[in-house]
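Asks: Chains as they are written, first to last, in the working numbering: chain A, 11 to 160; chain B, 11 to 160.
Every residue, glycine too, gets a C-beta built ideally from N, C-alpha and C.
Quick caveat, the model's predicted, so the values are computed rather than measured.
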DNA sequence: GACTTATCATTCGCATACGAACGATCTTCG
DNA sequence: CGAAGATCGTTCGTATGCGAATGATAAGTC
């Protein structure tokens with residue numbers, strides 16, 4: 011009786027784990043795909059994280075490095091490296107907060123503002139290209155879902 | 011009434027670029043969230059990529075390192091490192107392909123198989139936890155969308 | 001004012017990720 | 001057979017990403 015083993019608790023669960031159906035695995039691949047498209051649209055000139063910093067600075071203006079990291083979803087160690095690389099390229103400015111000796115204030119340089127303006131169309135292209143496989147209503151729902159599991 | 015406020019630049023319809031609405035930015039955060047949940051579920055014992063290799067090997071059996079990388083969506087340089095770390099932990103075996111001197115054949119060790127069996131419930135928990143913010147129908151649609159933009 | 005706690009930045013170590021260059025090996029074709 | 005091209009694995013360099021430890025500074029408490 012019951013040779014296929016429908017013992018609802020154990021082996022049934024064992025067999026239906028398919029890697030290609032798992033959120034994490036799909037999320038990783040989706041991000042890889044987006045990173046590739048992003049690089050194409052930007053001509054390899056900038057990474058998504060670097061762009062995120064520029065875009066956030068353009069949005070809110072000067073900001074402490076720590077807060078900037080929180081706004082752009084980056085660890086303190088990560089934001090440090092990203093800012094460092096943007097500094098080398100003279101796209102951002104860094105100064106000590108005169109009112110709080112702990113903080114570093116980061117802002118867009120003129121070059122950084124120009125880079126933001128110049129690449130804004132590329133950023134839109136990257137977003138559009140990434141979602142191109144989805145229908146218009148699916149895109150909206152997909153973005154809502156993504157935000158929900160943030 | 012100029013509800014958008016004062017116009018400091020020639021902004022307007024160009025400047026509706028909001029970082030927090032972009033797919034790439036949301037994808038990155040979703041993956042960060044999942045990585046954290048995954049680590050929690052696994053007790054920090056394994057990374058998502060390492061688990062992907064184990065799960066794929068459990069699914070298809072012995073496999074060349076190169077093909078394994080393609081199945082798990084990893085660059086040749088990446089899969090090399092992941093396999094190396096799994097080798098150190100004795101979770102996988104590696105041997106030269108007797109029929110093709112270029113290839114390395116990777117397979118699960120007994121320990122690796124045991125680790126897979128032991129962690130399978132954790133993997134399910136991680137997937138479920140990641141999607142916990144979505145309704146049941148939304149989960150299915152979300153996964154379909156993720157697969158579509160792979 | 002002195003002590004405790006909190007916050008910020010830096011650093012280290014480890015683990016993905018990918019492009020590019022390289023050598024070794026297999027396959028194909030002339 | 002032998003040269004050309006394809007495939008596989010390795011290595012290097014660069015860029016996220018995170019946990020943990022450390023030192024500097026600020027804020028809160030007594």
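(1) Does DSSP classify residue 55 (chain A) as helix, strand or coil?
(2) Under 6 angstroms Cβ to Cβ from residue 48 (chain A), same chain only, skipping five residues before and after it: list those, please.
(3) Is there a Cβ from chain B that is less than 8 angstroms from the Cβ of residue 69 (chain A)?
(4) When the cut-off is 8 angstroms and only beta carbons count, does residue 33 (chain A) lie next to chain B?
(5) State yes or no: is the C-beta of residue 63 (chain A) within less than 8 angstroms of the C-beta of residue 82 (chain A)?
(6) In the region 39-59 of chain A, which residues sit with their C-beta less than 7 angstroms from some C-beta in chain B, listed in chain order?
(7) Would you mind working out which of B:80, B:33, B:45, B:61 sits nearest residue 144 (chain A), comparing C-alpha positions?
(8) Identify every residue that forms a DSSP beta bridge with residue 74 (chain A).
(9) State the Cα-Cα distance for the pair residue 91 (chain A) and residue 108 (chain B), rounded to the nearest angstrom.
(10) Unbroken alpha helix (DSSP H) runs of length 4 or more, entirely within the region 89-149 of chain B: which are they?
(11) With DSSP as the reference, label residue 63 (chain B) as helix, strand or coil.
(12) My understanding is that residue 115 (chain B) touches residue 105 (chain B), with C-beta atoms under 8 angstroms, so please give their C-beta distance in whole angstroms.
(13) Using three-state DSSP, classify residue 38 (chain A) as helix, strand or coil.
(14) Just how far apart, CA to CA, sit residue 77 (chain B) and residue 113 (chain A)?
(15) Where does residue 83 (chain A) fall in DSSP's three states?
(16) Do residue 122 (chain B) and residue 101 (chain B) come within 8 angstroms of each other at the CB atom, strictly closer than that value?
(17) What do you reckon, are the CB atoms on residue 41 (chain B) and residue 38 (chain A) nearer than 8 angstroms?
(18) How many Å lie between residue 36 (chain A) and residue 66 (chain A) at the Cα?
(19) Does DSSP put residue 33 (chain B) in a helix, in a strand, or in coil?
(20) State the DSSP-derived secondary structure class of residue 50 (chain A), mapped to helix, strand or coil.
(21) Using DSSP with H/G/I as helix, E/B as strand and the rest coil, what is residue 160 (chain A)?
(22) So which of A:45, A:54, A:46, A:61 has the shortest CA-CA distance to residue 130 (chain A)?
(23) Would you call residue 93 (chain A) buried or exposed, if buried means 16 or more other Cβ atoms sit within 10 Å of its Cβ?
(24) Could you tell me the distance, in whole angstroms, from the CA atom of residue 126 (chain B) to the CA atom of residue 142 (chain A)?
(25) Buried or exposed for residue 140 (chain A), going by 16 or more other Cβ atoms inside 10 Å?
(26) Contact defined as beta carbons within less than 8 angstroms: I believe residue 132 (chain A) pairs with residue 73 (chain A). What is the distance between those atoms, to the nearest angstrom?
Replies: Taking the structure as given:
(1) In the structure shown, residue 55 (chain A) adopts coil according to DSSP, grouped into three states.
(2) Cβ within range, chain order: 58, 136.
(3) The beta-carbon of residue 69 (chain A) is placed less than 8 angstroms from the nearest beta-carbon of chain B.
(4) Among the residues facing chain B, residue 33 (chain A) is included, as its CB has a counterpart in that chain under 8 angstroms away.
(5) Going by C-beta atoms, residue 63 (chain A) is nearer than 8 angstroms to residue 82 (chain A).
(6) Within the region 39-59 of chain A, 39, 40, 41, 42, 43, 44, 48, 58 place their CB atoms closer than 7 angstroms to a CB of chain B, listed in sequence order.
(7) Nearest of B:80, B:33, B:45, B:61 to residue 144 (chain A), Cα basis: B:33.
(8) Its beta-bridge partners are A:115.
(9) Rounded to the nearest angstrom, the two C-alpha atoms are 45 angstroms apart.
(10) Complete alpha helix (DSSP H) runs here, min 4: 120-141.
(11) In the structure shown, the three-state DSSP call for residue 63 (chain B) is helix.
(12) Cβ atoms of residue 115 (chain B) and residue 105 (chain B) come within 8 angstroms of each other, at about 5 angstroms.
(13) Residue state, collapsed to three classes: helix.
(14) The alpha-carbon atoms of residue 77 (chain B) and residue 113 (chain A) are separated by roughly 48 angstroms.
(15) For residue 83 (chain A), the three-state secondary structure derived from DSSP is coil.
(16) Contact flag set, yes.
(17) By the CB criterion at 8 angstroms, residue 41 (chain B) and residue 38 (chain A) fall inside the cutoff.
(18) Cα to Cα, the separation comes out at about 27 angstroms.
(19) Helix.
(20) The answer is helix: DSSP assigns residue 50 (chain A) an H, G or I state.
(21) Secondary structure of residue 160 (chain A) (DSSP, three-state): coil.
(22) Closest in C-alpha terms to residue 130 (chain A), from the list A:45, A:54, A:46, A:61, comes A:61.
(23) Only buried fits residue 93 (chain A), as 16 or more other CB atoms lie within 10 angstroms of its CB.
(24) Taking the straight line joining both Cα atoms gives about 36 angstroms.
(25) Flag for residue 140 (chain A) reads buried.
(26) Under the criterion of beta carbons closer than 8 angstroms, residue 132 (chain A) and residue 73 (chain A) do not qualify as touching, at roughly 23 angstroms.
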